[in-house]
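Visitor: Residue numbers (my numbering): 5 to 194. Okay, here's the structure, questions in a sec.
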């Protein structure tokens, strides 16, 4: 098979939004084009570093008499995503960062509680436009497991750096990725 530069791509945020969260049990997307279920709430602008997907695969080498590696056992597997959300005034962002029950909006006042309550498991979706079409990543079961330091300073914006840990769904999948080539319109989210 010959090399093909048409198979090389980059990503950009999808029109209408790129990052969404919904409660567990929400209807999952099954392609890159269909609008998301109304349960998905947009989390607004994300940082310029985009989405960093990490796969962690631990192995244990087994050696034969004499020291040669003859087999590698996979002992662990995991997926996490790092993303920075910029819209610190967006109630859905605050609920993602601090927990649904820890954010209350009443008129022009938003109250955020800092406490040790575990953040809920949720469904996360990120939408991207590629040179060839669309790319949608779905975490069927995910949880914000780390929030970076929150810096309040006059020389930068207030933002939240999140690590989302993906857990296996009923099929053993941590993340699903759907790609559509030459789609006419990018997804518009929820």
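A virtual CB, placed ideally from N, CA and C, is assigned to each residue, including glycine. Values in this document were obtained by computation on a predicted structure and should not be read as measured data.
Does the distance from the C-beta atom of residue 126 to that of residue 47 stay below 8 Å?
Guide: no
Visitor: Determine the extent of the beta strand (DSSP E) in which residue 66 is found, giving its start and end residues.
Guide: 56-67
Visitor: Figure out for me which residue from 110, 42, 121 and 16 has the closest Cα to the Cα of residue 135.
Guide: 16
Visitor: Quick one: using the 10 Å Cβ neighbour count with 16 as the cut-off for buried, is residue 59 buried or exposed?
Guide: Its Cβ having fewer than 16 others within 10 Å, residue 59 is exposed.
Visitor: Would you decide whether residue 121 is buried or exposed? Buried here means 16 or more other CB atoms lie within 10 Å of its CB.
Guide: Under the 10 Å beta carbon count, residue 121 is surrounded by fewer than 16 other beta carbons and is classified as exposed.
Visitor: Cβ of residue 129 within 8 Å of Cβ of residue 141?
Guide: yes
Visitor: Does chain C have any CB closer than 8 Å to the CB of residue 114?
Guide: In the structure shown, chain C cannot be found, because there is only a single protein chain.
Visitor: For residue 115, count neighbouring C-beta atoms within 10 Å of its own C-beta (all shown protein chains included) and say buried if the count is 16 or more, exposed if not.
Guide: exposed
Visitor: Per DSSP, residue 200 forms a beta bridge with which residues?
Guide: Not covered by the structure: residue 200. The range shown for the chain is 5 to 194.
Visitor: Give me the Cβ distance between residue 170 and residue 83, rounded to the nearest whole Å; I'm assuming they're in contact under 8 Å.
Guide: 4 Å
Visitor: Considering only C-alpha positions, which residue in the set 77, 153, 37 and 42 is nearest to residue 166?
Guide: 153
Visitor: Can you round the beta-carbon distance between residue 62 and residue 80 to whole angstroms, since I take them to be within the 8 Å contact cut?
Guide: 4 Å
Visitor: Which residue from 149, 109 and 37 puts its Cα closest to that of residue 87?
Guide: 149
Visitor: According to the Cβ coordinates, are residue 21 and residue 163 closer than 8 Å?
Guide: no
Visitor: Go ahead and label residue 77 buried or exposed: buried means 16 or more other beta carbons lie within 10 angstroms of its beta carbon, across all protein chains shown.
Guide: Exposed is the call here.
Visitor: Excluding sequence positions up to five away, which residues of its chain have a Cβ less than 8 Å from the Cβ of residue 172?
Guide: 145 and 178
Visitor: Tell me the rounded alpha-carbon separation between residue 194 and residue 10.
Guide: Low local confidence applies: a pLDDT of 48 at residue 194 is under 50, so the model's placement there is unreliable, and no value is given.
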